[in-house]
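Have a look at the structure below, then the notes.
Numbering (the working numbering), first residue to last: 1 to 482.
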């Protein structure tokens, strides 16, 4: 039976499992300086990137081409950007897209990049690692979003080897700021059936570092992706398997809909995974969803439903509703994008933050004084909250063990929530108090899975009351601190 005496969450635990309020870096590391003027976000296989590199090599030569590309990478995120993200936008994460060529010439063998184009990327991976370090020093984690279309045997092998390399680098070279690795960006779950490949990759990553979350795209079918992730996260789990998180894109600009209908769509968007969210202990399997891309872009027909003078207010309402729903039902979100060359303000993160359309959860905006006050209040109310929870549930228990396990779960849940909330004030995470704020558990179902595995007990020995108590303990703490 689970013990209440488990180690407190570590800095790594908080970094990986907290709610991620973030932004996408953009295409800096998958599309070079030629990106200006091209507004598409995709480049399957890097074909456009390669064409532009070859053009540049022919025009200005290798030295100038390398200099031009490396300057773009080095300026992908500046100190001023990181300070703004932490203190104004109150972000604690960045989603960073990279390609196989980002890893250097060794991964360009037997691809169209092999030869002189590959050597433009001699130093790119080193720049990426410095990027992650700089983010981490500001208290910002980085989700590495690996872009490739593993639709044939060769690209699947290449992608697997790239992911293994990234995992080894993160694990054995202490790249501390990485919050996970996204291994796919498939567009259609049914056409590109990657479940066998996912299984193969998970075997590789789990052998290297089973603690790091692996993110997979839902391929436009959140329910199917949730079923797959649940099958991998289900307890009892094989020893040392990475937690699997679903990444989903949420765009609404393709549908000409009445304004309030769009708002309602946002409110209902994550219901597909509700069946997996209530019981980590059960055979359904736990699932957490990360909204990897979203914007404030609405269909022109939707905007024309209101007076032009009212359109900014509609966009603001739309953005705020998204932020509210993501904070309530997802493990995190990342706006598209920090650095974009689009002329549309609705995809401009800084503009949407300034307008109030995109705002962080309240707990990320707290001053350190407020954090301390809320922690003291929670400490004062803890015993009363525990007693109330037990009184409200004791009629459903037939044995002392059920009550005891609920009590153990409640205490651990309340303590874990406290540890996440106080991590910044306790200087468990870097950032030197920059931006202040606090953190809450974001991937709750997978965090409970981890805590159940931490106990070392078989699932047959577990009491569902333990998880019920844990969830209530987390919920009681969150209710008290707001």
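Think of the CB as a built atom: it goes at the ideal place given N, C-alpha and C, for glycine as much as any other residue. Computed from a predicted structure; not experimentally measured.
| message | Alpha carbons only, please: which of 55, 210, 12 is nearest the one belonging to residue 116? | response | Position 116 of the chain shown, counted from the start, is the residue given in the question as residue 116. Looking at the Cα atoms, 55 is the closest of the given residues.
| request: Identify whether residue 421 lies in helix, strand or coil by the three-state DSSP scheme. | output: Numbered from 1 along the chain shown, position 421 holds the residue referred to as residue 421. It is helical.
| message | Does the distance between the C-beta of residue 141 and the nearest non-hydrogen atom of the ligand NAP fall short of 7 Å? | response | Of ligands this structure carries none, so the ligand NAP is not represented either.
| Whole beta strand (DSSP E) elements within the stretch 131-180, 3-residue minimum | 141-147
| message | Whole angstroms are fine: how far does the CA of residue 264 sit from the CA of residue 356? | response | For this step, residue 356 is matched to residue 356 along the chain shown. For this step, residue 264 is matched to residue 264 along the chain shown. Roughly 20 Å between the two C-alpha positions.
| task | On the DSSP bridge assignment, give the partners of residue 97 in chain order. | result | Here residue 97 refers to the residue found at position 97 when the chain shown is read from its first residue. According to DSSP, residue 97 bridges with 145.
| field | Proximity winner among 109, 140, 65, relative to residue 79 (alpha-carbon distances) | value | Counting from 1 along the chain shown, the entry for residue 79 is found at position 79. Among 109, 140, 65, the Cα nearest to that of residue 79 is on 140.
| request: Measure the beta-carbon distance from residue 72 to residue 33 and round it to whole angstroms, keeping in mind my assumption that it falls under 8 Å. | output: By one-based count along the chain shown, residue 72 stands at place 72. By one-based count along the chain shown, residue 33 stands at place 33. With 8 Å as the limit, residue 72 and residue 33 qualify as a contact, their Cβ atoms being about 5 Å apart.
| For residue 47, does the count of other Cβ atoms within 10 angstroms reach 16, so buried, or fall short, so exposed? | Here the question's residue 47 lines up with position 47 in the chain shown. Exposed, because fewer than 16 other Cβ atoms sit within 10 Å of the Cβ of residue 47.
| message | Would you call the stretch 284-297 in contact with the stretch 325-341, where contact means no fewer than 3 C-beta pairs closer than 8 Å? | response | yes
| Thinking just about the alpha-carbon of each residue, which of 374, 216, 261 is nearest to the one in residue 150? | One-based indexing of the chain shown puts residue 150 at position 150. For the residues 374, 216, 261, the minimum Cα distance to residue 150 belongs to 216.
| said: For residue 26 and residue 348, I'd like the C-alpha separation in whole angstroms. | reply: In the chain shown, the residue the question calls residue 26 occupies position 26. In the chain shown, the residue the question calls residue 348 occupies position 348. So the alpha carbons of these two residues sit roughly 11 Å apart.
| message | Give me, in chain order, the residues of the same chain whose beta-carbon lies closer than 7 Å to that of residue 242; leave out the 5 immediate sequence neighbours on both sides. | response | Along the chain shown, read from residue 1 onward, the residue named residue 242 stands at position 242. Excluding residues within five positions, the ones whose Cβ falls inside 7 Å are 202, 205, 206, 210, 212, 213, 214.
| field | Buried versus exposed call for residue 187 [16 or more other C-beta atoms within 10 Å across all chains shown] | value | Counting from one through the chain shown, the residue named residue 187 turns up at place 187. By the neighbour-count rule (16 or more Cβ atoms within 10 Å), residue 187 is not buried but exposed.
| query | Does the beta-carbon of residue 109 have 16 or more other beta-carbons within 10 angstroms, so that it is buried, or is it exposed? | reply | To locate residue 109, count along the chain shown from 1; it is residue 109. By the 10 Å Cβ count, residue 109 comes out exposed.
| said: Could you give the first and the last residue of the continuous beta strand (DSSP E) run that contains residue 23? | reply: For this step, residue 23 is matched to residue 23 along the chain shown. Run containing residue 23: 20-24, per the beta strand (DSSP E) assignment.
| said: Is it the case that the stretch 12-26 contacts the stretch 82-92, given that we only count it when at least three CB pairs across the two stretches are under 8 Å? | reply: yes
| field | Option in 175, 176, 160, 169 with minimal Cα separation from residue 183 | value | Stepping through the chain shown from its first residue, residue 183 is reached at position 183. It is 160 whose Cα lies nearest to the Cα of residue 183.
| query | Going by the beta-carbon positions, is the gap between residue 296 and residue 346 smaller than 8 Å? | reply | The residue given as residue 296 occupies position 296 in the chain shown. The residue given as residue 346 occupies position 346 in the chain shown. Contact: yes.
| query | Would you call the stretch 308-323 and the stretch 355-371 touching, i.e. three or more CB-CB distances under 8 Å? | reply | yes
| query | Are residue 365 and residue 90 touching if we call contact CB-CB under 8 Å? | reply | Here residue 365 is taken as the residue at index 365 of the chain shown, counted from 1. Here residue 90 is taken as the residue at index 90 of the chain shown, counted from 1. With a cutoff of 8 Å on beta-carbon distance, residue 365 and residue 90 are scored as near each other.
| Distance CB(residue 16)-CB(residue 220) smaller than 8 Å | To locate residue 16, count along the chain shown from 1; it is residue 16. To locate residue 220, count along the chain shown from 1; it is residue 220. Not a contact, by the Cβ cut-off of 8 Å.
| Three-state secondary structure (DSSP) of residue 347 | Your numbering for residue 347 matches position 347 in the chain shown. Residue state, collapsed to three classes: helix.
| query | Run through DSSP, which three-state label would residue 315 get? | reply | On the chain shown, position 315 is the one that residue 315 refers to. Secondary structure of residue 315 (DSSP, three-state): helix.
| query | In this structure, does DSSP put residue 28 in helix, strand or coil? | reply | For this step, residue 28 is matched to residue 28 along the chain shown. The answer is coil: DSSP assigns residue 28 none of H, G, I, E or B.
| task | Identify every run of the alpha helix (DSSP H) within the stretch 199-242, keeping only runs that are complete inside it and at least 4 residues long; order them along the chain. | result | 222-233
| request: Taking the CB atoms as reference points, tell me whether residue 311 and residue 294 lie closer together than 8 Å. | output: By 1-based counting over the chain shown, the position of residue 311 is 311. By 1-based counting over the chain shown, the position of residue 294 is 294. Their beta carbons are not under 8 Å apart, which means residue 311 does not touch residue 294 by this criterion.
| task | Check the DSSP bridge columns for residue 250 and list the partner residues they point to. | result | For this step, residue 250 is matched to residue 250 along the chain shown. According to DSSP, residue 250 bridges with 294.
| Separation of residue 261 from residue 39, as counted between CA atoms | As a position in the chain shown, residue 39 is number 39, starting the count at 1. As a position in the chain shown, residue 261 is number 261, starting the count at 1. Reliability of the predicted coordinates at residue 39 is poor, the pLDDT of 42 falling under 50, and no value is obtained from them.
| task | Under 7 Å Cβ to Cβ from residue 319, same chain only, skipping five residues before and after it: list those, please. | result | Walking along the chain shown from the start, residue 319 turns up at place 319. These residues qualify, in order along the chain: 296, 352, 357, 358.
| field | Reduced DSSP category for residue 245 - H, G, I as helix; E, B as strand; rest coil | value | Working through the chain shown from its first residue, we reach residue 245 at position 245. Residue 245: strand per DSSP, three-state reduction.
| request: Identify whether residue 426 lies in helix, strand or coil by the three-state DSSP scheme. | output: Walking along the chain shown from the start, residue 426 turns up at place 426. Residue state, collapsed to three classes: coil.
| field | Residue environment, residue 7, which counts as buried when at least 16 other CB atoms sit within 10 Å | value | Residue 7 sits at position 7 when you count from the first residue of the chain shown. Exposed is the call here.
| Taking buried to mean at least 16 other C-beta atoms within 10 Å of its own C-beta, is residue 254 buried or exposed? | Reading the chain shown from its first residue, position 254 is the one you call residue 254. Residue 254 should be labelled exposed.
| Residues of its chain near residue 121, where Cβ-Cβ distance is below 7 Å and the 5 sequence neighbours each way are ignored | Counting from 1 along the chain shown, the entry for residue 121 is found at position 121. Closer than 7 Å at Cβ, skipping near neighbours: 101, 102, 104, 105.
| query | When burial is assigned at 16 or more other CB atoms within 10 Å of the CB, is residue 35 buried or exposed? | reply | Reading the chain shown from its first residue, position 35 is the one you call residue 35. Bear in mind that a pLDDT of 48 at residue 35, under 50, signals an unreliable position, so the number given afterwards is only what the model happens to contain. The residue is buried, with at least 16 neighbouring Cβ atoms inside 10 Å.
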